[in-house]
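J.:
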Amino acid sequence: MDIKTIAVTYHRKFNLGDYESLELGCSLWAQIDPEEDAEGVTQFLYQQAKTSVKEAARTVIQESIHQMNKVKMQKQ
Numbered sequence: 000m001d002i003k004t005i006a007v008t009y010h011r012k013f014n015l016g017d018y019e020s021l022e023l024g025c026s027l028w029a030q031i032d033p034e035e036d037a038e039g040v041t042q043f044l045y046q047q048a049k050t051s052v053k054e055a056a057r058t059v060i061q062e063s064i065h066q067m068n069k070v071k072m073q074k075q
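Each residue of the sequence shown is one higher than the last, beginning at 0 in numbering that gives the first Met the number 0.
Right, here's the structure in full:
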């Protein structure tokens, strides 16, 4: 069986606290030649998708932590 296209999807849900969450996902596709290593390409795509999701979530998570700390300071 010849594999021509590899598709990888990575989803993650981040708990922001206070009953809020953020769900992000990334899908990547690659066209490969018959002599290419399909498993290696799959692992590469998976790592790329995972990194993309984490980078996209970083700002939102940092803002959420900031907001949570801000609320805690106001309560004191």
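C-beta: ideal position from N, C-alpha, C; glycine also. All figures in this text were calculated on a predicted structure; none of them were measured in a lab.
Can you tell which of GLU54, ASP1, GLU34 has its C-alpha closest to the C-alpha of GLY24?
T.: Within the sequence shown, the letter at position 25 stands for residue 24. It is GLU54 whose Cα lies nearest to the Cα of GLY24.
J.: In whole angstroms, what is the alpha-carbon distance linking LEU27 and GLU19?
T.: On the sequence shown, residue 27 is found 28 positions in, with the first residue counted as 1. On the sequence shown, residue 19 is found 20 positions in, with the first residue counted as 1. Going by the C-alpha atoms only, they are around 27 Å apart.
J.: Alpha carbon to alpha carbon, how far is ALA29 from ASP1? Give it in angstroms, no decimals.
T.: Position 2 of the sequence shown, counted from the start, is the residue given in the question as residue 1. Position 30 of the sequence shown, counted from the start, is the residue given in the question as residue 29. So the two alpha carbons sit approximately 14 Å from each other.
J.: Please identify the residue among VAL59, GLN73, LYS69 whose C-alpha is closest to the C-alpha of PHE13.
T.: Taking the first residue of the sequence shown as 1, we reach residue 13 at position 14. Looking at the Cα atoms, VAL59 is the closest of the given residues.
J.: On the criterion of 16 or more Cβ atoms from any shown chain inside 10 Å, does ALA6 qualify as buried, or is it exposed?
T.: As a first step, residue 6 must be located in the sequence shown, where it is residue number 7. Looking at its Cβ environment, which holds fewer than 16 other Cβ atoms inside 10 Å, ALA6 is exposed.
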